[in-house]
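Asks: Here's a structure for you.
Number of protein chains: 2
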Amino acid sequence: MRTSYAVGVDVGGTRIAAGLVERKGRIVKDNKTLTPKAGPFAVVDAVIELVEEVSAGVHSSEIAGIGIGLPAQIDFLRQSIEFCTNLPLAGVDVRALVMSRIRHQVTLDNDGNLAAFGEYRYGAAKGARDFAMITLGTGVGGGLFVNGEPYRGSRGLGGEVGHMVVQMDGPPCPCGGTGHIESYLGRAALAVEGQKAAAAHRGRQILEEAGGEVSAITAEHVVLASHKGDEAATAILMNAGLVLGRALVGIVNVLNPKLIVVGGGIGEACPFIVERAAQAIAEEALAGRRDVQVIPAELGNDAGLLGAAALAFDEHDSREGLHR
Amino acid sequence: MRTSYAVGVDVGGTRIAAGLVERKGRIVKDNKTLTPKAGPFAVVDAVIELVEEVSAGVHSSEIAGIGIGLPAQIDFLRQSIEFCTNLPLAGVDVRALVMSRIRHQVTLDNDGNLAAFGEYRYGAAKGARDFAMITLGTGVGGGLFVNGEPYRGSRGLGGEVGHMVVQMDGPPCPCGGTGHIESYLGRAALAVEGQKAAAAHRGRQILEEAGGEVSAITAEHVVLASHKGDEAATAILMNAGLVLGRALVGIVNVLNPKLIVVGGGIGEACPFIVERAAQAIAEEALAGRRDVQVIPAELGNDAGLLGAAALAFDEHDSREGLHR
């Protein structure tokens, strides 16, 4: 049976968003809530509540299923959560917990993989069979498409584009590693650079955005200051773009993608991070540099939610033996 | 028609090897020659001569085709050579030149891709659907398998595992980049480390291997000295293993491979480079570290030749509509 809707859920460290989505990608109804901090069951409760809200009034036979994106490494076949930095979900059977209370099929996936899925189905990567997505937000994540399919690796843990080593003696990464892309481009790293600049009496506008309090400076303050012409802020973000581009040289040389899509809150707020990265790739990558386009994402905050819905549609259709 | 043999050719910067190979991977007859330095046509002549030698006496209907591995980035669909550091082959239509004089189908591929293909079909990676191969030799190359197929990217230029940035302010790479894996693990880089150690009066055995001449020290002298217990030589190679492992953290996090195979002359001569790399991955990678085995290659110098033959068999079978 050809269903009309899927529910996409995007669980982040700060907020959870859910939407009722049509096959063509229109979000008919959506809602969001702050991510509860009271443990895994509170998160599951919040997810269920949002799903019920956005699907209220729609007959259950009309809904293909629920896709849930999590900021976690997920064994896709087993649907188990293997690693999760920001939420206490590792080892929790979120799928079973949700399915015990909602009569729909639930599929979990990594949030970066789903952002890639969303951009592939409905956004900047439509029709790109081989592409990489990188999401610049609190963490740095991403996802890969290979031969027109999401590629998650042997057990579904792949796509962690933010955790390539780009400087062996670089700063620590929240994941426990050293000198990863996220060590330079995560929100915390950009905030530290902003604080350093302000403490050294550069970046007056950065300090102003933060109400004059060095320790209150966040990545967003750096971005805002840069938009207002602050040179120190712009230098921080240009350097971030350079680091990103040099890291992506490896992706271009190893995977020869047609397209690299840069999304996430920071990626979308700073088009020149994307431009600087593209320039670094053009300068350093091997012959694949001539093939690759580096472009901003199109779906903004909805990429993960839309990708989760697209996944739910596809899982439904493959269960039913339908083909796209 | 089910043919019995394929000819595999492995063109390197130093020597060209060719072999007549049975379907099960036995090399029936092989031969090699030094790579001519007199331009592209001399290389093509040498390839043709070797192919004729190893296939002499076999009826042409028995031969599935010729596979040729080149140290070059190749547009696989167009069979065009896009980039070649060590030989003047970029833009030369090697396939057409060989086919104009030999009545067999010819297929070109990157040498690292073919080493991966060889190990997949006949060696250390048998049955591994998702794996990465890295070859440590004069250059550092490699190849990927994804879902049980060689993965070359959107235009066939992928698999250049040696050209990921691992240290943004690192030493120059022969490809023109900076701080790539090859900047640390290529033969030239290891030789420089050996020369530095000897010049600083460490690595007495390294110097001895080179006949007392600092400037004559090569990567092989470092390896030999290490095998004889020289501490400075061993430290150089252990550090190379650490750099390799930290670079491969990115491969593990992005691709979640089941297996990483380390080959090439240097890789096979130094099992502890492989061990040190495996340890670095175990220390730093995300959850995929529990899935991945890092092992030495099994086919030695024959990996590329055998992979070239395997490719020729597969191309023949797919032309004839046969399935493996």
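Chains A and B supply the protein sequences, listed in that same order. So for the first sequence, our numbering puts the first residue at 6; every next one is plus one. So for the second sequence, our numbering puts the first residue at 6; every next one is plus one. Each residue gets a CB set at the ideal place from its N, CA and C atoms; glycine is no exception. Note that the structure is a prediction, hence the values are computed from the model and not measured.
Looking at C-alpha atoms only, which residue of ILE71/A, GLU27/A, ALA22/A is the closest neighbour of PRO41/A?
Replies: For the residues ILE71/A, GLU27/A, ALA22/A, the minimum Cα distance to PRO41/A belongs to ALA22/A.
Asks: Kindly list, in the order they appear in chain A, the residues whose Cβ is closer than 7 angstroms to that of GLN263/B.
Replies: Note that residue 263/B is Lys in the sequence shown here, rather than Gln. Within chain A, the residues near LYS263/B are SER159.
Asks: Does the count of Cβ pairs from the segment 77-94 of chain B and the segment 25-36 of chain B closer than 8 angstroms reach three?
Replies: Too few Cβ pairs lie closer than 8 angstroms, so no.
Asks: Give me the Cβ distance between GLY117/A and GLY146/A, rounded to the nearest whole Å; I'm assuming they're in contact under 8 angstroms.
Replies: Contact flag correct, Cβ pair sits at about 3 angstroms.
Asks: I want to know whether the segment 280-295 of chain B touches the segment 171-185 of chain B - three or more CB-CB distances under 8 angstroms.
Replies: Because the criterion of three Cβ pairs below 8 angstroms is not met, the segment 280-295 of chain B and the segment 171-185 of chain B do not touch.
Asks: May I ask which residues mark the beginning and end of the alpha helix (DSSP H) holding ASP319/A?
Replies: Here the alpha helix (DSSP H) through ASP319/A covers 308-324.
Asks: Measure the Cβ-Cβ separation of VAL248/A and LEU190/A and say whether it is below 8 angstroms.
Replies: In this structure, LEU190/A lies closer than 8 angstroms to VAL248/A by Cβ.
Asks: ALA245/A: which of GLY309/A, GLY18/A, ILE271/A, ARG28/A sits nearest, CA to CA?
Replies: Considering only alpha carbons, the answer is ILE271/A.
Asks: Given VAL16/B, which residues of its chain have a CB within under 8 angstroms of its CB, disregarding the five upstream and five downstream residues?
Replies: Excluding positions up to five away in sequence, the list reads THR40, VAL48, VAL52, ILE73, GLY74, LEU75, PRO76, LEU92, ASP116.
Asks: Check the Cβ of LEU258/B against every Cβ in chain A and list those closer than 7 angstroms, keeping chain order.
Replies: Note that residue 258/B is Asn in the sequence shown here, rather than Leu. What ASN258/B touches in chain A: GLU165, HIS168, MET169.
Asks: Taking the DSSP output, what are the residues bridged to SER85/A?
Replies: Per DSSP, ASP80/A.
Asks: Between LEU195/B and chain A, is any beta-carbon pair separated by less than 8 angstroms?
Replies: It does not; no Cβ of chain A falls within 8 angstroms.
Asks: What residues match up with PHE46/A in a beta bridge as DSSP calls it?
Replies: The partner list for PHE46/A (beta bridge, DSSP) is empty, contrary to what the question assumes.
Asks: What is the DSSP secondary structure of ARG20/B, reduced to helix, strand or coil?
Replies: Residue state, collapsed to three classes: strand.
Asks: Can you give me, in chain order, the residues of the segment 270-302 of chain A that have a beta carbon less than 7 angstroms from any beta carbon in chain B?
Replies: Flagged, chain order: GLU289, LEU291, ALA292, GLY293, ASP296.
Asks: Compare the C-alpha of GLU288/B against each of HIS232/B, ALA252/B, SER231/B and name the closest.
Replies: Answer by Cα proximity: ALA252/B.
Asks: Under 8 angstroms, Cβ to Cβ, is there at least one residue of chain A near ALA203/B?
Replies: ALA203/B does not count as touching chain A.
Asks: Could you tell me which chain A residues have their CB closer than 7 angstroms to the CB of ARG251/B, listed as they occur along the chain?
Replies: Chain A residues near ARG251/B: VAL170, MET173.
Asks: Less than 8 angstroms between the beta carbons of GLN210/A and ASP235/A, yes or no?
Replies: Contact flag set, yes.
Asks: Going by C-alpha distance, which of ALA237/A, LYS263/A, ALA194/A is nearest LEU212/A?
Replies: That would be ALA237/A, whose Cα lies nearest to the Cα of LEU212/A.
Asks: For ALA69/A, count the other beta carbons within 10 Å of its own beta carbon; 16 or more makes it buried, fewer makes it exposed. Which is it?
Replies: Classification of ALA69/A: buried, given that the 10 Å Cβ count is 16 or more.
Asks: Quick check for students: name the residue ranges of the beta strand (DSSP E) that lie wholly in the segment 101-171 of chain A, counting only runs of 3 or more.
Replies: Within the segment 101-171 of chain A, the complete beta strand (DSSP E) runs of at least 3 residues are 111-115, 136-141, 145-151, 154-156.
Asks: Out of curiosity, what's the CA-to-CA distance linking THR19/B and LYS37/B?
Replies: Using only the alpha carbons, I get a separation of about 11 angstroms.
Asks: What is the rounded straight-line gap between the Cα of GLY153/B and the Cα of GLU154/A?
Replies: Roughly 14 angstroms between the two C-alpha positions.
Asks: For a test of your reading of the model: does the CB of GLY164/B fall under 7 angstroms from any non-hydrogen atom of the ligand COA? Yes or no.
Replies: You won't find the ligand COA in this model; it holds no ligand whatsoever.
Asks: What residues in the segment 101-135 of chain A have a beta carbon less than 9 angstroms from any beta carbon of chain B?
Replies: Those would be ALA133, ARG134, ASP135, in chain order.
Asks: Roughly how many whole angstroms lie between the Cα atoms of VAL151/B and TYR10/B?
Replies: Distance between the alpha carbons of VAL151/B and TYR10/B is about 26 angstroms.
Asks: Taking only three categories from DSSP, how would you classify GLU27/B?
Replies: Strand, per DSSP.
Asks: Please work out which residues of its chain come closer than 6 angstroms, Cβ to Cβ, to GLY148/B, disregarding the five sequence neighbours upstream and downstream, and give them in chain order.
Replies: Hits under 6 angstroms: GLY117, ASN118, ALA121, MET138, GLY164.
Asks: Compile a chain-ordered list of the residues in the segment 74-88 of chain B whose CB is closer than 7 angstroms to at least one CB of chain A.
Replies: Answer set for the segment 74-88 of chain B: GLN78, GLU87, PHE88.
Asks: Roughly how many angstroms lie between the CA atoms of ILE107/B and ALA308/B, to the nearest whole one?
Replies: Approximately 24 angstroms between the Cα atoms of the pair.
Asks: Of the choices VAL228/B, LEU102/B, GLY199/B, whose alpha-carbon is the least far from that of ALA221/B?
Replies: Per the Cα distances, GLY199/B.
Asks: Using DSSP bridges, identify the partner residues of ASP15/B.
Replies: ALA22/B, GLY74/B.
Asks: Strictly under 8 angstroms for the Cβ-Cβ distance: is TYR156/A near chain B by that measure?
Replies: Interface residue, yes.
Asks: Along chain A, in chain order, which residues have C-beta atoms closer than 8 angstroms to that of LEU55/B?
Replies: The premise fails here: LEU55/B is roughly 27 angstroms from chain A at the closest Cβ pair, so nothing lies under 8 angstroms.
Asks: What's the C-alpha gap between GLU218/A and ALA203/A?
Replies: In a straight line, the C-alpha of GLU218/A is about 9 angstroms away from that of ALA203/A.
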